[in-house]
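Report on the structure given below.
Residue numbers (the UniProt record's numbering): 1 to 161.
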């Protein structure tokens, strides 16, 4: 048989109390540490008399030190975190990460995968005489690049496929 753990009962006599705790035991806070008596006027020795008449040191209390102003303090800078922007085929109002200004994006259309697939499918259908290039003139079939109107930085791209 193994040694009883904290979750097993011992095989000997029960360590359970025979009666419920008294009111003082139930309500008492820190019953293991006696409360120090009221301070007596006069010189303080640092020792407190315990319940058995012997001297004991008072419990040490941990306090947080008061912050000291630093002459070499670093200036605090506020940083605004922007939510991710979803780019579509319409202009987006946002804060430009390059120039940090509120802008509405300018759009630029470029031929993408959908444009080339549309051109190829029109060629297969027999539009060889130049009609197969119509998808390159239709903005709804092209990818969209979003640019900042102030600093001309590329902010994002919306790909059709």
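Cβ coordinates follow ideal geometry from the N, Cα and C atoms, glycine included. Computed from a prediction, not measured in an experiment: that's the story for all the values here.
- Per the coordinates, the alpha-carbon of residue 83 lies some 26 Å from the alpha-carbon of residue 110.
- Three or more beta-carbon pairs separated by less than 8 Å are not found between the stretch 69 to 77 and the stretch 130 to 137, which leaves the two stretches without contact.
- Under the three-state reduction of DSSP, residue 27 is assigned to helix.
- Counting every other CB atom within 10 Å of its CB across the protein chains shown gives residue 94 a total of 16 or more, marking it as buried.
- DSSP lists 94 as the bridge partner or partners of residue 103.
- In the DSSP assignment, residue 115 falls within the alpha helix (DSSP H) that extends over 113 to 124.
- Contact between residue 99 and residue 155 fails: their C-beta atoms lie close to 11 Å from each other, not under 8 Å.
- In the assembly as shown, residue 118 is a buried residue. Its beta-carbon has 16 or more other beta-carbons within 10 Å.
- Beyond the five residues adjoining it in sequence on each side, residue 102 comes within less than 6 Å, by CB distance, of 95 in the same chain, given in chain order.
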